[in-house]
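Chains as they are written, first to last, in this note's numbering: chain A, 835 to 963; chain B, 835 to 963; chain C, 835 to 963; chain D, 835 to 963; chain E, 835 to 963; chain F, 835 to 963; chain G, 835 to 963; chain H, 835 to 963; chain I, 835 to 963; chain J, 835 to 963. A short write-up of the structure that comes next.
10 protein chains.
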Amino acid sequence: MTEPSKSLETFPNPAPERDYAIRMTIPEFSCLCPKTGQPDFATLRLEYVPDGLCVELKSLKLYVWSYRDQGAFHEAVTNRILGDLARATMPRFMRLTAEFNVRGGIYTTVVAEHRAPGWTAMAPVELPQ
Amino acid sequence: MTEPSKSLETFPNPAPERDYAIRMTIPEFSCLCPKTGQPDFATLRLEYVPDGLCVELKSLKLYVWSYRDQGAFHEAVTNRILGDLARATMPRFMRLTAEFNVRGGIYTTVVAEHRAPGWTAMAPVELPQ
Amino acid sequence: MTEPSKSLETFPNPAPERDYAIRMTIPEFSCLCPKTGQPDFATLRLEYVPDGLCVELKSLKLYVWSYRDQGAFHEAVTNRILGDLARATMPRFMRLTAEFNVRGGIYTTVVAEHRAPGWTAMAPVELPQ
Amino acid sequence: MTEPSKSLETFPNPAPERDYAIRMTIPEFSCLCPKTGQPDFATLRLEYVPDGLCVELKSLKLYVWSYRDQGAFHEAVTNRILGDLARATMPRFMRLTAEFNVRGGIYTTVVAEHRAPGWTAMAPVELPQ
Amino acid sequence: MTEPSKSLETFPNPAPERDYAIRMTIPEFSCLCPKTGQPDFATLRLEYVPDGLCVELKSLKLYVWSYRDQGAFHEAVTNRILGDLARATMPRFMRLTAEFNVRGGIYTTVVAEHRAPGWTAMAPVELPQ
Amino acid sequence: MTEPSKSLETFPNPAPERDYAIRMTIPEFSCLCPKTGQPDFATLRLEYVPDGLCVELKSLKLYVWSYRDQGAFHEAVTNRILGDLARATMPRFMRLTAEFNVRGGIYTTVVAEHRAPGWTAMAPVELPQ
Amino acid sequence: MTEPSKSLETFPNPAPERDYAIRMTIPEFSCLCPKTGQPDFATLRLEYVPDGLCVELKSLKLYVWSYRDQGAFHEAVTNRILGDLARATMPRFMRLTAEFNVRGGIYTTVVAEHRAPGWTAMAPVELPQ
Amino acid sequence: MTEPSKSLETFPNPAPERDYAIRMTIPEFSCLCPKTGQPDFATLRLEYVPDGLCVELKSLKLYVWSYRDQGAFHEAVTNRILGDLARATMPRFMRLTAEFNVRGGIYTTVVAEHRAPGWTAMAPVELPQ
Amino acid sequence: MTEPSKSLETFPNPAPERDYAIRMTIPEFSCLCPKTGQPDFATLRLEYVPDGLCVELKSLKLYVWSYRDQGAFHEAVTNRILGDLARATMPRFMRLTAEFNVRGGIYTTVVAEHRAPGWTAMAPVELPQ
Amino acid sequence: MTEPSKSLETFPNPAPERDYAIRMTIPEFSCLCPKTGQPDFATLRLEYVPDGLCVELKSLKLYVWSYRDQGAFHEAVTNRILGDLARATMPRFMRLTAEFNVRGGIYTTVVAEHRAPGWTAMAPVELPQ
């Protein structure tokens, strides 16, 4: 799996005094199956708590496109994209979910997380529904 | 990002002896992209536990409209609206979720919370479903 | 807000030896806006853990109807109905959710709880889904 | 409320070394309203962690049918069926949910649980979604 | 219940330094009812945290097919498949859910888990929704 | 199949000068399988264009209940109920749809129509959607 | 059934040269059952092809409210509202659908149409879906 | 493709004086791919207007099971089942729809009809929705 | 209602030898209420059969934005946009549907069509579903 | 737009004596925008009435993949794929629908049909629903 050429850009977090969550859903991820060369399709769901940096939307789009001609196994590519995004933005917390289309009658989803050392989530407030 | 001109009005909380939750869904938020001038659209979801004051519905509607001609980045505008609402009502707890329409094939949601110092949520009661 | 004339009736809890939950959904609540006289509509969701008494279904229906000509603000009427139901049945736990129809482009939901002093919920059993 | 004549049959739990969950959904429960004689309809949802015995599916079907001509209040019949099922299978944990059809514009659901003395659920593993 | 002939294959976990989750949904499981010989159909949902090995997708498909002519009770076959998968991949955690089609008007789901001795899940991070 | 004892009542059509449609959905039909004695459940959907008479709602409910202890095949009972309703109300047009719950893994729906001799439907107006 | 006091207002059709359709959905209709005094609730769906006049939205809202304290049978009230709307706007075509909430376990919908003498709908263009 | 051994049984149409419709949905069809031996899964939807005979439900279930070990292409097997059902029941009209599960990322549905010579459908009555 | 300044651009129809359909859904239309100045929101649905010209997507987006500060009644603005699009592309057939958000508890949809003189739609082919 | 290199393969129609329908849904079409080079994604829906030939599923999959690196406008590529499929299979009737993902806030769908000269569809049989 060679390196995608596009780089991820960032901008300063406008509210670093707070832990808050950013969610991005990217329904148009596509790469190639390393065994068969067949195109694979997935929806990526990214969730993160920014620290000093937020990921810039347009560069994220270009980064995601850069996988279009890459061979990539489901488990490996999810962990790699998470790693790239975490290195670029150094978030307090980040989770990436990749929901792949059916292959051989089986649907696969991979979920991986990154946590900054020493960071802990605030106790959540569960308001009654 | 200049200041919206409309002010938020409040009324006294009719049940201050209790921690209870108010949820408001506002599907008609619109502002402008600061880079391109393109209209952006979002659904705002507000949840709060009032202390002495509740936000008045009509003034909330006018406050939300006041962003229509403002340039505003997703992450910044969500944190700013939360700040304005928290300053106006001084709630025990407040959470604002802004779900933006797709841009560049990517859907973005931002969620931020305010907690009054010293306030803690009651342990939730989870009745079996 | 004058007093609705209908009274809530009860019957003995057939299984007081257990903490168990009763949920009632009432999609036909209607009252009047105190400012404009405009009819307001809501779905009420009641959940409770009975102690000695259960609320009788037909009297609950009549009680709910008695608000039809009452002026009532969203936050106040939810807390008031919860109070009336709690006084009538003295439950171990009770939660009332009122989901109001859209007004001025904004959807409002109010959720309030009553807990009997000294009562604590059993630790919930979360079976894997 | 007289006794239904059908008895519940069981078979040995094939994996007693584990705490695992069995869920059964029975959308065809019907009994009679004791006040009016009107048929009532409900969907039953049964969840349990078996110990030595599992409930046999066909006898469960016949047991459920045996209520067809019984008068039964919502709260009482749910607790009674749970009791019968718990006596027959002596489970580590059992929960019964009865979702009744609308009556008088109100939808009622009753949820009751049985826990074997001394049994505690394993801490649940929540994998990220 | 004789042994299915197909063996499960594995490949090395590409990110063993992390606890991360793999989910696979297999809507095409079919076996036979041991009493009546009638075909049974189920959707299998597999979730696991890999340790050294991941299950290979194509061999999983063939393994699942191998039950097509096997007689199998719901509770027993779910526990057996979980056992086979856990032996083959030695995961940190694994959960198998089998949702069977309706039989006799009753829908049955069985959920079983395997946990590696000494492994504990990280405290989950619940970002506000 | 003996005769249900309840009779259908009617009231005068308040707008006989028009062809207009009345639809009634009755989700709580239950009868018995003549072969096995097993309860069968169906949702009835009635549509009609009244002539001089409309069917009275409460007597319709009682009529439907009267099948609860009747043995009835799917195809025969649908045609019979249609016949009874058509004799009672002498409509310009009537259609009855009976959607039965799954039996033996198969879902059955039966649809039958009655048309008054000489009556023809107006050409429908299809407004663009 | 006495006369509601609110009158329907109109404004000139801005495009009388065309046959075009206006649809209005009014989920908040409520009247009283003439037999029991019980509130009834319905969703009204109005579709029309205007000729010289369109119905003004605010007066329509007030007209609908005026039924709140009126006793009204389902079939009669639907035909009456259609008549009032047709007299006020003299449309080329008008259809009113009233979907009433469940009563006695039965859901009732009434649909009535008005056609201007001599008007015929254009042959519809069905584009392939 | 050899002959399935199970025969279809019938019973006399209880209402031959009418054209009416019977619909059956069979979500549990399975056969084998003739090229790869892989199991294929489909939902069958059968609609027919009976003449002298109706298809008996239990024999239909057994007939459908008899394909479980047959190799069958999608287009051929749909036409063959339609032929068998039409020969057994000699209906006025029959339509069979087979919706196959995804294979190679493509979902296939096949729909075929049989019409008795000389039979024509009544002009349908489209009541306004 | 003054004239929006943006012009609609077109490109040559790549398949003028055929009648075929283009559908565009534009969920982000916003204008102002001429009475109150309140923002209105709608989803536009455009369907057309092109003749010599197709509407260019980016110019359509800009044209739609140009209404953001225009006062516009529902019925008038739908007919006007249809007129502008028809003048720009001279289609064989065009239909515009505007689904407006709720105002005063009422949802309004307006649908208007343009047909080129002398053009008639091909008889549609309805394949059995 | 250069020529995709993969060819479509066919097999003989197993039931040429009948007009019947084959539907294929292909959710994984991707090509490139000729202006920006941006990947475009669409779901293709193919419906046809075969004459002598059916399209072979695997070659269809490869044909669809061959567009992955092609620049293609929405309207043109839909008409071209329809042309290729019609030339390869010479069907009695064929319809292709391409539903493209949102671009610039606008969703586009293109639908085109091919009809064999002289072929007419049978009058459809609409069974009452």
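Cβ coordinates follow ideal geometry from the N, Cα and C atoms, glycine included. Owing to the predicted nature of the structure, the values given are computational and were not obtained by experimental measurement.
Residue pairing for residue 863/C: DSSP places it in a beta bridge opposite 876/C. A distance below 6 Å between beta-carbons, with the five flanking residues on each side excluded, links residue 908/G to the following residues of its chain, in chain order: 934, 942, 944. At a cut-off of 8 Å between C-beta atoms, residue 913/A counts as an interface residue with respect to chain E.
Boundaries of the alpha helix (DSSP H) around residue 916/J: 908-923.
Residue 888/C and residue 931/C do not touch by the CB rule: their CB atoms are close to 19 Å apart, not below 8 Å. At a cut-off of 8 Å between C-beta atoms, residue 959/E counts as an interface residue with respect to chain A.
At a cut-off of 8 Å between beta carbons, residue 856/C contacts chain D. Ranking 903/I, 853/I, 881/I, 859/I by CA distance to the CA of residue 871/I puts 903/I first. The Cβ atoms of residue 905/H and residue 868/H sit closer than 8 Å to each other. Of the candidates 940/C, 910/C, 948/C, the residue whose Cα lies closest to the Cα of residue 922/C is 948/C. In the DSSP annotation of this structure, the continuous segment of the beta strand (DSSP E) that includes residue 930/G starts and ends at 927-934.
At a beta-carbon threshold of 7 Å, the residues of chain F lying near residue 943/G are 857, ordered along the chain. Among the residues facing chain D, residue 935/G is included, as its CB has a counterpart in that chain under 8 Å away.
Put simply, the backbone Cα of residue 880/J is about 10 Å away from that of residue 940/H.
Here residue 873/C is buried: its Cβ has 16 or more other Cβ atoms, across all protein chains shown, within 10 Å. Residue 887/A is bridged by DSSP to 846/A. Here residue 858/F is bridged, per DSSP, to 880/F, 942/G. Contact between residue 883/J and residue 853/J holds, since their C-beta atoms are separated by about 5 Å, short of 8 Å. A distance below 6 Å between beta-carbons, with the five flanking residues on each side excluded, links residue 893/F to the following residues of its chain, in chain order: 842, 843.
In terms of beta-carbon proximity, residue 841/D stays away from the interface with chain F, with every pair separated by 8 Å or more. Looking at the backbone, the Cα of residue 891/I and that of residue 938/J are separated by about 8 Å.
885/D is the residue among 895/D, 901/D, 885/D, 916/D whose C-alpha sits nearest the C-alpha of residue 955/D. Beta-bridge analysis with DSSP links residue 947/I to 929/I.
The Cβ atoms of residue 848/E and residue 946/A do not sit closer than 8 Å to each other.
Here residue 950/J is not near residue 962/I, since their CB atoms are 8 Å or more apart.
Using beta-carbon distances, residue 905/A does not count as an interface residue toward chain H, since no partner is under 8 Å. Counting only residues of its own chain and dropping the five nearest sequence neighbours on each side, residue 877/I has a CB closer than 6 Å to the CB of 861, 933. One thing to note: residue 901/B has its Cβ within 8 Å of the Cβ of residue 863/B.
With distances taken between CA atoms, residue 952/D lies nearest to 925/D out of 866/D, 929/D, 858/D, 925/D. The closest CA to that of residue 929/E, considering only 846/E, 851/E, 857/E, 866/E, is found on 857/E.
Within chain A, the residues placing a beta-carbon under 8 Å from that of residue 862/J are 873, 875, 935, ordered along the chain. Minimum Cα-Cα distance from residue 936/E among the listed residues 866/D, 851/D, 895/D corresponds to 895/D.
Residues of chain F with a Cβ closer than 9 Å to the Cβ of residue 845/G do not exist, since the nearest Cβ in that chain sits about 21 Å away.
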